[in-house]
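The structure under discussion appears below in the form of structure tokens.
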Amino acid sequence: MKVIAILIILILSINGENRLKEKIDENDGLLLLDRNNYDYAIAKYPKLIVLFTTYGCNLCLQLKSTFIELAKRLREYEIYVAEVIACENRALSIRMNSTSYPAAYMYNEGEKSVFPNDNDLELLFEYTLQHSYGLITQLDLQKDIDLFIKRSNIAVLSYFTINEIADIAIKMPQIKFGIINQKINPKIHQAFITNKALSKEIYFNGQLEEFYDFIDKNAYPLVFSLTEEEFKKVEAEEIPIIGMVLDPNQFNDYIQSYYEIVAQEFKGKLRFVLINTKNELTVRRFQYFVGQSLEYKRIYYYNLYTKYTVSLPYDEGSIPTFRKIVEQIQIYSESFWEGDGYVHDLIPLNYQIQINKNPNHIILFNEKNACDLCFGFNDIFNDLSIKYQHRNNLVFAKQNRSLKPIREIIVEEIPSVYIYLKQDGLVNLVIYKGELSEEAISQYIEEHIPFTKFQQGSFPQTSGNEIDNSNFDKLILNNEKPVLFLFYSPNCEHSKAANQLFEQINPLFENKVIFCRTDATKNQFEGFNMNSYPSIFFITPKGRQIIKYDSQQRSIEKLVEFINEQLHIKNNYETLINNGKVISVTSDTFQDIVIKSKQHVLVKFYAPWCGHCKNMAKEYEELAVLFRGNKDVLIADMDWTQHQVPTVSISGFPTMILFYKDGNSVEQIKYNKQRQAKQMKQFIEELMNQHDEL
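Residues -16 to -1, 1 to 678 (mature numbering (1 follows the signal peptide of the UniProt record, and there is no 0)) make up the sequence shown, in order.
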């Protein structure tokens, strides 16, 4: 009888414990989790966001109110939000590596990732939906398909296999791809696209090799609202953008329809954005490009290549008005002029971009109507432009002072020649005083304007090696020296500019770096993450590591700095030079910079979306300046969302850790005080002094 009684007690105890684990209370829409039901909740809810808070934390209270609203919005998407009170569940918090609060995590089918601890509800909502799936998802049930479409701004569903569309998905990370189970859902079309901004599904019944172009052409609306997917596409394509700011006090449906008609006329040349000021994310994302606050009833233009911004007001919303404004603004979308055998017309609309922004030298001929000397010199000037067409960094232009004089250019005599020399981002005006003859001007050009060599044809020749499948292994993977590798497109203006950089810096690294390039429209190689032209990669000897260069930084100084950093890091990491800048660390360079260097290294581990990280960015840069030239200290940062190392545990952002060197040992010391440069500097110096005294 005693045995039976004990068994009954055990069974009741186990059942009670199971019921405890399965019981999940709810408060204000948040699931309440603890050490008993945490694992059960992760198993029960495929999509789950967990917020760790603690008592006495004002930031936790603020964030909790945002997460309550987030939970309400996500419930219809079958995504749940939960809270753990960390101080009541210390063992669980330690197990989750959660040591600072608030901290948030997202679980997708049990897979844990860091979630933004941000108060911006719209950002959190969009982030959740955007990160609910990986690049490719297998969809076996109709419910899975319905949820996939509902949670995705842009979804591509197909009957292709994962292997067949893997390359396409990698090239389009902003789009979610779903694979439909044909046994459950019989195939009607080969694939289809859904977009919340489009009124209906778009069907595809072509061949696999046509699929990428079909998606690229049809997956996006004619006019963007800058969702996260659209924002990423704008950044990747670099097509100039036009944004119209709506007046919220007006009835805007008809204005929007007129705007779309004009957008159709300029499709492929300009990217049109409609800015509803009630949508804060759209406003913030567009402001990120133009770099200024937005005003109602204005149309803004931004050139992603030249970084030039201009805006014009519109009084009435009509097709002729919008068309006229876009035509006026479109002059700024033209590429930088290059030496091509033509004489270009300089007018007030393109003055700023071609004289002040264009990195190429400009030789300007000032003329007037009814000027006999001008008429005679015109043929000479045309001949000069043809003579020097092989030099794409030398542009010939003219302005007619009778028709469209440029007020910024003060001309004392006609005809005259002004030469705008460009160096290191500066413009130096030289008023040519010599004879107006082909021989005299040619002599001046040869003596005073640097020469860059180009091959015949559309794309310039460089001193580097041309890479294809026949020599890739030998020159890239098996090279004893580091390699700088340029992927270009022959018809891409940005590629030409990058190639010119290669030509200019090649002599600086003679016998140190091998310069190579490849036509990316013809050649593709594994291991190179490339989604736009040009792309530049630094490859360490024997192809051990591949480091991508930020191709937006199109200056000699930035590229030289990048190469020097890679050479120094790889070849002599014991003592790194402190140049007063924050060193960006990756998972590949962490050991060399942080662990193996002899200096103490303060590392800020951050996430790009973290508001606290952004707020302290300037202070952290100032801290780096304070330690400029210091032989004992380096200041670094690391994007923990992209790069992680097993020896460091991060539970919230930002986290700052000083890696203190004592002989051959490395001690990790966390910094938890004020995030001002002076306080952080004091923290480092006090630790150094304490260890010195010991």
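All C-beta atoms in this analysis are idealised placements derived from N, C-alpha and C, irrespective of residue type, glycine included.
- Fully enclosed beta strand (DSSP E) runs of no fewer than 3 residues occupy 64 to 69 of the segment 46 to 82, in order along the chain.
- For the pair residue 199 and residue 504, the Cα-to-Cα distance works out to about 21 Å.
- Scanning its chain for C-beta atoms nearer than 8 Å, with the 5 sequence neighbours on each side dropped, one finds around residue 84 the residues 635, 636, 639 and 656, in chain order.
- Beta bridge pairing from DSSP links residue 382 with 329 and 349.
- In the structure shown, residue 500 falls within a strand segment according to DSSP collapsed to helix, strand and coil.
- Cβ-Cβ distances below 7 Å link residue 608 to 564, 565, 566 and 619 in the same chain, with the five nearest sequence neighbours on each side left out; the list follows chain order.
- A direct Cα-to-Cα measurement between residue 659 and residue 603 gives close to 7 Å.
- Around the Cβ of residue 29, a 10 Å sphere holds 16 or more other Cβ atoms; the residue is buried.
- Its chain contains 349, 350, 351, 355, 357, 358, 361 and 420 as the residues whose beta carbon lies nearer than 7 Å to that of residue 399, once the 5 sequence neighbours on both sides are disregarded; these appear in chain order.
- In terms of Cβ geometry, residue 177 and residue 202 form a close pair [threshold 8 Å].
- Collapsing the DSSP output to three states places residue 343 in coil.
- For residue 250 and residue 127, the gap between their C-alpha atoms comes out near 40 Å.
- In this structure, the straight-line span from the alpha carbon of residue 455 to that of residue 483 is close to 20 Å.
- If you draw a straight line from the Cα of residue 465 to the Cα of residue 487, it comes to about 19 Å.
- Residue pairing of residue 208 in beta bridges, as defined by DSSP: 257.
- In summary, residue 100 is buried, with 16 or more beta-carbon neighbours lying within 10 Å of its beta-carbon over all protein chains present.
- In terms of Cβ geometry, residue 70 and residue 37 form a close pair [threshold 8 Å].
- Distances from the alpha-carbon of residue 587 to those of 623, 594 and 43 put 623 closest.
- Put simply, of 663, 577, 589 and 596 the residue whose alpha carbon is nearest the alpha carbon of residue 650 is 577.
- If the five residues before and after residue 427 are omitted, its C-beta is found closer than 6 Å to no C-beta atom of its own chain.
- The C-alpha of residue 353 is placed about 6 Å away from the C-alpha of residue 386.
- Burial state of residue 347 is buried, judged by a 10 Å Cβ sphere holding 16 or more other Cβ atoms.
- Across the set 39, 312, 97 and 68, the C-alpha of 97 shows the shortest separation from the C-alpha of residue 591.
- Restricting attention to 50, 191, 510 and 543, the CA atom closest to the CA of residue 527 is found in 510.
- Residue 584 is a Cβ neighbour of residue 668, given a cutoff of 8 Å.
- Closest in alpha carbon position to residue 323, among 270, 418, 378 and 334, is 378.
- Taking all protein chains shown into account, residue 66 has 16 or more neighbouring C-beta atoms within 10 Å of its C-beta and is therefore buried.
- Looking only at 129, 310, 335 and 134, the smallest Cα-Cα distance to residue 58 is reached by 134.
- Put simply, the backbone Cα of residue 161 is about 45 Å away from that of residue 335.
- For residue 595, the uninterrupted alpha helix (DSSP H) run begins and ends at 595 to 599, by DSSP.
- Using a Cβ distance threshold of 8 Å, residue 302 and residue 242 count as a contacting pair.
- Taken through DSSP and simplified to helix, strand or coil, residue 13 comes out as coil.
- Within the segment 106 to 170, the complete alpha helix (DSSP H) segments of 4 residues or longer fall at 126 to 135 and 146 to 155, listed in chain order.
- Contact between residue 224 and residue 255 holds: their C-beta atoms lie close to 7 Å from each other, under 8 Å.
- Taking C-alpha positions only, residue 281 is separated from residue 26 by approximately 48 Å.
- Taking C-beta atoms as the reference points, residue 73 and residue 633 fail to come closer than 8 Å.
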